[in-house]
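To start, the structure under review is shown below, and the notes come after it.
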Amino acid sequence: MKNKLIIKSKNIVRTFYSGKIETPVLKGVDFSAKEGEFVSIMGRSGAGKSTLIFQLSLLDVPNEGEIIVDGVNILKLSKNEKTKFRREEMGYVFQDYALVPELTALENVALPLLMQGHSTAHAYKKSKEILIELGFDIQINNLPSQLSGGEQQRVSIGRAIVHKPKILFADEPTANLDATSARVVIDLLKKLNKEGQTIIMVTHEEEYGKETNRIVEVIDGEIPEISKIKTKNPKPSVGQRKRIVKKKVSKTKSKIKKPVINKLKVSVKKKKVVKVMKKK
Amino acid sequence: MIDTTSIKVGWFLGIRQLKRSSLWSTVLIIVIMTLTFLNLVVVSGLLVGLIEGAVSAAKDRYTGDLIISTLEEKDFIENSREVVSILESIPGVETVSPRYIASGVLQSNYKERTNFNNDIEEAAAIIAGIDPTKENRVTGIESTLVDGEYLEDGDFDQVVIGALMLSEYLPIDSPGFVVLDGVEIGSEIRLRIGDITREVTVKGIVRSKVDEIDRRLFMVDSQLRAMIDRDDFNVGEISVIINTDEISTERVKEILIANGIDKVAKVQTSIDAQPKFLQDIKRTFSLLGTIISSIGLVVATITVFIVIFINAITRRKYIGIMKGIGISANAIEFSYVVQSLIYAVVGSIAGVLMVYLLLIPYFASHPINFPFSDGILVAPLGITMFRLVLLIITTMLAGYIPARIIVGKNTLDSILGRK
Chain A
1 MKNKLIIKSK NIVRTFYSGK IETPVLKGVD FSAKEGEFVS IMGRSGAGKS
51 TLIFQLSLLD VPNEGEIIVD GVNILKLSKN EKTKFRREEM GYVFQDYALV
101 PELTALENVA LPLLMQGHST AHAYKKSKEI LIELGFDIQI NNLPSQLSGG
151 EQQRVSIGRA IVHKPKILFA DEPTANLDAT SARVVIDLLK KLNKEGQTII
201 MVTHEEEYGK ETNRIVEVID GEIPEISKIK TKNPKPSVGQ RKRIVKKKVS
251 KTKSKIKKPV INKLKVSVKK KKVVKVMKKK
Chain B
281 MIDTTSIKVG WFLGIRQLKR SSLWSTVLII VIMTLTFLNL VVVSGLLVGL
331 IEGAVSAAKD RYTGDLIIST LEEKDFIENS REVVSILESI PGVETVSPRY
381 IASGVLQSNY KERTNFNNDI EEAAAIIAGI DPTKENRVTG IESTLVDGEY
431 LEDGDFDQVV IGALMLSEYL PIDSPGFVVL DGVEIGSEIR LRIGDITREV
481 TVKGIVRSKV DEIDRRLFMV DSQLRAMIDR DDFNVGEISV IINTDEISTE
531 RVKEILIANG IDKVAKVQTS IDAQPKFLQD IKRTFSLLGT IISSIGLVVA
581 TITVFIVIFI NAITRRKYIG IMKGIGISAN AIEFSYVVQS LIYAVVGSIA
631 GVLMVYLLLI PYFASHPINF PFSDGILVAP LGITMFRLVL LIITTMLAGY
681 IPARIIVGKN TLDSILGRK
């Protein structure tokens with residue numbers, strides 16, 4: 001891991017609107033990762049971790065904030081430039097593998113290279129090398145429907161790294177896998193990281209989060225300073241966690257005082273937070 | 281503008297999608313395209329073919345490649361023998377059939393009637409005096425016999441009568457359309473031309489579906505010449521068959537005009553001699569065929585649109601994923617255009633093969649039996665190719681539009697399946 005920041009986001013705000021109802025999901029998130037770092041983003045369901053990775057990976061556009069990737073303010077790029085940037089500088093591993101069903105494993109992996117303008121022969125050669133590295137042999141000509149979940153996820157990783165992206169984004173890559181396959185995928189990501197690949201992974205499984213360089217915890221659309229945990233350090237103490245939650249409650253209270261459109265939603269949230277406090 | 285990489289990737293995706301989709305659904309769509317193509321070509325082709333059948337029958341059975349007929353104010357072509365000899369001297373003129381023409385009246389039941397107060401059945405007819413051998417060489421009249429036998433050179437009082445003169449073949453009862461009743465092979469009928477009346481026997485009945493022939497009575501030229509006292513040998517019509525590989529019909533016409541034939545007769549190619557109403561009907565039928573075909577084209581376009589739309593909407597997630605990993609929207613859209621293109625091209629080629637290898641030869645040997653013509657299938661290559669291109673372009677558009685609608689959706693919404 002180097003000291004150079006490969007990605008840095010400032011004050012990312014993402015609110016979803018449905019008619020008059022607005023749902024703030026990210027409320028001014030700052031996030032950064034160094035080149036060669038393996039960061040896991042964790043949090044409860046609905047905390048906003050997937051939304052965060054979608055903003056960082058240019059699959060979605062925040063309402064506010066800026067994202068700098070390797071010195072480029074990616075939110076200022078045009079639509080076509082964003083597509084090109086995603087194609088050349090980023091790789092994606094999705095929760096449900098998301099392989100194109102009509103393409104074989106080899107063709108799926110070759111797709112990003114073909115789109116970059118490489119010849120079919122070169123794209124197949126590189127893809128084959130990657131797939132062999134990932135433990136494939138004769139299955140490279142199988143369609144996704146002929147592969148197991150673990151194999152499909154490995155193909156998905158192959159597709160994500162074949163063009164040597166600057167950052168590999170993985171959104172819950174083990175969520176649909178059994179323990180054995182999940183282990184294989186995590187080991188593979190770790191191996192890629194050791195080889196220098198920057199990886200930002202969303203996971204809700206603490207076991208795998210701990211194996212990364214750093215865990216960033218998203219709590220109700222925010223990343224409190226204390227949640228940026230280096231995995232070699234101990235977990236935050238109970239006291240630290242309580243402080244985080246208190247800070248959250250006070251923020252929520254201050255919001256209730258203001259005229260808010262969706263009052264019902266806020267009051268429900270308040271109850272939830274109190275419940276969480278009691279549990280703690 | 282779409283770049284070459286997008287075209288390459290679009291082709292890559294489109295071909296694989298086609299190869300690995302359900303064989304039956306692909307075959308079904310291709311069959312729809314083939315039927316659409318046939319609808320485009322065959323419906324108007326048959327409608328036009330009905331008229332074309334009438335036109336070609338008129339040429340084959342009546343005018344030949346060239347017909348020389350009397351001027352408006354004349355009853356015969358002056359110096360007919362000279363005209364014939366000029367014709368016969370032109371290289372490429374294969375056969376010439378001069379015909380004596382006269383107006384006459386036919387009477388049929390004068391022998392059978394029991395009450396002399398009853399009217400004799402009478403019908404006006406054109407009487408044609410022919411050289412049976414030459415006429416048969418030009419018009420193949422013998423092949424149009426539906427009953428009886430054809431004339432021979434020595435026949436004296438025997439005639440061949442057109443089917444439209446007989447009630448058996450034209451069962452309509454109209455005061456302006458008089459036909460003879462009860463006349464069959466061997467019947468004796470009276471033929472009156474001017475003051476001369478002669479009893480003749482029906483030897484044959486012809487039905488050529490050309491009114492000019494089917495309303496005539498044919499007899500040997502020498503017999504008619506004697507009846508009308510035409511000892512100058514001036515005929516009323518001359519039909520000519522030309523070997524068009526050797527000389528064009530227009531060229532023969534030019535030669536005749538250069539020889540002053542147009543001063544004594546009307547010189548017309550078979551096309552010139554076509555009645556104007558036939559051309560009008562042909563245009564109307566062609567328009568009608570185009571309208572019917574256009575409806576077929578719209579139906580096919582909607583079918584392809586729905587097929588591609590369903591295909592794209594069910595694959596919306598993967599479209600989102602592909603966009604997510606940086607595949608350009610153009611490439612994804614092009615992949616659907618490729619699929620539509622292949623459906624249209626394969627379907628149209630199958631249609632072209634069916635039209636030219638199956639349907640045209642079939643209708644040529646088994647024409648549709650219409651009262652006024654033998655309907656054939658007319659599909660000129662130029663028009664067929666135009667329709668083929670039209671079908672392909674329309675189908676490609678029908679594939680592109682739904683693909684564009686789906687590809688244009690928000691990438692993340694597509695990936696997550698959000699509306």
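Top line first, the protein sequences correspond to chains A and B. The opening position of the first sequence corresponds to residue 1 in the working numbering, with each subsequent residue numbered one higher. The opening position of the second sequence corresponds to residue 281 in the working numbering, with each subsequent residue numbered one higher. Glycine included, C-beta positions come from ideal geometry on N, C-alpha and C. A quick note: this is a predicted structure, and the numbers were derived from the prediction, not measured.
Listed in chain order, which residues of the stretch 287-307 of chain B have Cβ atoms closer than 9 Å to some Cβ of chain A? Lys288, Val289, Phe292, Leu293, Arg296, Gln297, Leu298, Lys299, Arg300 and Ser301
Touching by the beta-carbon criterion (3+ pairs, under 8 Å), the stretch 492-511 of chain B and the stretch 425-445 of chain B: yes
Inter-residue spacing [alpha-carbon to alpha-carbon] between valine 385 of chain B and isoleucine 629 of chain B: One-based indexing of the second sequence puts residue 385 of chain B at position 105. One-based indexing of the second sequence puts residue 629 of chain B at position 349. Rounded to the nearest angstrom, the two C-alpha atoms are 57 Å apart.
Specify the secondary structure class of lysine 8 of chain A as computed by DSSP and reduced to three states. Residue 8 of chain A sits at position 8 when you count from the first residue of the first sequence. Three-state DSSP puts lysine 8 of chain A in a strand.
Opposing strand residues paired with leucine 460 of chain B [DSSP bridges]: Taking the first residue of the second sequence as position 1, residue 460 of chain B is located at position 180. Bridge partners of leucine 460 of chain B: B/Leu446.
My assumption, with CB atoms under 8 Å, is that leucine 99 of chain A sits in contact with glutamine 152 of chain A. Please give the rounded CB distance. Here residue 99 of chain A corresponds to residue number 99 of the first sequence, with the count starting at 1. Here residue 152 of chain A corresponds to residue number 152 of the first sequence, with the count starting at 1. At roughly 6 Å, the Cβ-Cβ gap stays under 8 Å, so leucine 99 of chain A and glutamine 152 of chain A are in contact.
Within a Cβ cutoff of 7 Å, which residues of the same chain sit near phenylalanine 652 of chain B, ignoring the five residues on either side of it in sequence? Here residue 652 of chain B corresponds to residue number 372 of the second sequence, with the count starting at 1. So the qualifying residues of the chain are Ala334 and Lys489.
Since leucine 692 of chain B meets chain A, which of its residues come closer than 8 Å, beta carbon to beta carbon? Position 412 of the second sequence, counting from 1, holds the residue named residue 692 of chain B. By Cβ distance, chain A contributes Phe54, Leu59 and Asp60.
Exposure of lysine 164 of chain A, with buried meaning 16 or more beta-carbon neighbours within 10 Å: The residue given as residue 164 of chain A occupies position 164 in the first sequence. Its Cβ having fewer than 16 others within 10 Å, lysine 164 of chain A is exposed.
In angstroms, rounded to a whole number, what distance separates the CA positions of arginine 417 of chain B and threonine 375 of chain B? Indexing the second sequence from 1 puts residue 417 of chain B at position 137. Indexing the second sequence from 1 puts residue 375 of chain B at position 95. One C-alpha to the other measures close to 7 Å.
When you check each C-beta in the stretch 605-621 of chain B against every C-beta of chain A, which residues fall closer than 9 Å? Ile605, Gly606, Ile607, Ser608, Ala609 and Ala611
Helix, strand or coil for proline 647 of chain B, going by three-state DSSP, please let me know. As a working note, residue 647 of chain B is residue 367 in the second sequence. Proline 647 of chain B: coil per DSSP, three-state reduction.
Locate the beta strand (DSSP E) running through valine 25 of chain A, then write down its first and last residues. Here residue 25 of chain A corresponds to residue number 25 of the first sequence, with the count starting at 1. 21-34 is the span of the beta strand (DSSP E), which, as asked, contains valine 25 of chain A.
Grouping DSSP H, G and I as helix and E and B as strand, with all else coil, what is glutamate 415 of chain B? Here residue 415 of chain B refers to the residue found at position 135 when the second sequence is read from its first residue. Helix.
Phenylalanine 169 of chain A - containing beta strand (DSSP E), residue span: Residue numbering aside, residue 169 of chain A sits at position 169 when the first sequence is read from its first letter. Element bounds for phenylalanine 169 of chain A: 167-171.
So, does the stretch 207-217 of chain A touch the stretch 81-91 of chain A, judging by three or more C-beta pairs under 8 Å? no
From what residue to what residue does the beta strand (DSSP E) around tyrosine 380 of chain B run? Here residue 380 of chain B refers to the residue found at position 100 when the second sequence is read from its first residue. Element bounds for tyrosine 380 of chain B: 373-387.
Is any beta-carbon of chain A found at less than 8 Å from that of methionine 676 of chain B? Here residue 676 of chain B corresponds to residue number 396 of the second sequence, with the count starting at 1. Taking Cβ atoms only, chain A never reaches closer than 8 Å to methionine 676 of chain B, which makes this a no.
Rank B/Thr691, B/Thr664 and B/Ala659 by C-alpha distance to the C-alpha of glycine 325 of chain B and give the top, closest one. One-based indexing of the second sequence puts residue 325 of chain B at position 45. Considering only alpha carbons, the answer is B/Ala659.
Closer than 8 Å by C-beta to serine 237 of chain A: which residues in its own chain qualify, once you throw out the five before and the five after it? Chain order, please. In the first sequence, counting from the first residue as 1, residue 237 of chain A sits at position 237. Low confidence applies here, because serine 237 of chain A scores a pLDDT of 41, under 50, leaving its location unreliable; read the following figure in that light. Here the set comprises nothing.
Could you say which of B/Ile370, B/Gly474, B/Gly484 and B/Asn649 lies nearest to proline 412 of chain B if we only look at CA atoms? Taking the second sequence and counting its residues from 1, one reaches residue 412 of chain B at position 132. Minimum Cα distance to proline 412 of chain B is reached at B/Gly484.
Would you call the stretch 175-190 of chain A and the stretch 99-119 of chain A in contact, with 3 or more CB pairs under 8 Å? no
In whole angstroms, give me the CA-to-CA distance for glutamate 200 of chain A and valine 39 of chain A. The sequence position of residue 200 of chain A within the first sequence is 200, counting from 1. The sequence position of residue 39 of chain A within the first sequence is 39, counting from 1. The sequence given here has isoleucine at residue 200 of chain A, not glutamate. Each residue's alpha carbon lies about 5 Å from the other.
Alanine 47 of chain A to isoleucine 219 of chain A span [Cα, whole Å]: Here the question's residue 47 of chain A lines up with position 47 in the first sequence. Here the question's residue 219 of chain A lines up with position 219 in the first sequence. Between alanine 47 of chain A and isoleucine 219 of chain A, the C-alpha separation is close to 5 Å.
Between leucine 58 of chain A and methionine 313 of chain B, what straight-line distance do the alpha-carbon atoms span, to the nearest angstrom? Within the first sequence, the letter at position 58 stands for residue 58 of chain A. Within the second sequence, the letter at position 33 stands for residue 313 of chain B. The alpha-carbon atoms of leucine 58 of chain A and methionine 313 of chain B are separated by roughly 41 Å.
Examine chain A for any beta-carbon lying closer than 8 Å to the beta-carbon of threonine 285 of chain B, and answer yes or no. One-based indexing of the second sequence puts residue 285 of chain B at position 5. Chain A contact via Cβ: present.
Partner residues on chain A for methionine 602 of chain B, Cβ-Cβ distance less than 8 Å: Stepping through the second sequence from its first residue, residue 602 of chain B is reached at position 322. Val100 and Leu111, listed in chain order.
Below 8 Å between beta carbons: does that hold for phenylalanine 94 of chain A and serine 156 of chain A? Here the question's residue 94 of chain A lines up with position 94 in the first sequence. Here the question's residue 156 of chain A lines up with position 156 in the first sequence. Yes, these two residues count as a Cβ contact at 8 Å.
Here's the rule I'm using: 16 or more other beta-carbon atoms within 10 Å means buried, otherwise exposed. How should asparagine 514 of chain B be labelled? Residue mapping note: residue 514 of chain B aligns to position 234 of the second sequence, counting from 1. With 16 or more Cβ atoms within 10 Å of its Cβ, asparagine 514 of chain B is classed as buried.
Histidine 646 of chain B burial status per 10 Å Cβ neighbour count (16 or more: buried): Working through the second sequence from its first residue, we reach residue 646 of chain B at position 366. Counting Cβ neighbours within 10 Å, histidine 646 of chain B comes out exposed, since fewer than 16 surround it.
For alanine 404 of chain B, count neighbouring Cβ atoms within 10 angstroms of its own Cβ and tell me buried if that reaches 16, exposed if not. Position 124 of the second sequence, counting from 1, holds the residue named residue 404 of chain B. Alanine 404 of chain B is exposed by the Cβ-count criterion.
For the stretch 147-176 of chain A, enumerate the residues whose C-beta is nearer than 9 Å to any C-beta of chain B, in chain order. Arg159, Ala160 and His163
Closest Cβ-Cβ distance between methionine 201 of chain A and chain C: below 8 Å? The question asks about chain C, but that chain is absent: this structure's protein chains are A and B.
Between the C-alpha atoms of valine 439 of chain B and arginine 510 of chain B, what's the straight-line distance to the nearest angstrom? As a working note, residue 439 of chain B is residue 159 in the second sequence. As a working note, residue 510 of chain B is residue 230 in the second sequence. Roughly 19 Å separates the two Cα atoms.
Just the chain B side, please: which residues come within less than 7 Å of tyrosine 92 of chain A by C-beta, in chain order? Here residue 92 of chain A is taken as the residue at index 92 of the first sequence, counted from 1. Ordered by position in chain B, the residues that pass the 7 Å Cβ test against tyrosine 92 of chain A are Gly604 and Ile605.
As a quick exercise: from A/Glu133, A/His204 and A/Ser127, pick the residue whose alpha carbon is nearest that of glycine 43 of chain A. On the first sequence, position 43 is the one that residue 43 of chain A refers to. Of the candidates A/Glu133, A/His204 and A/Ser127, the one whose C-alpha sits nearest the C-alpha of glycine 43 of chain A is A/His204.
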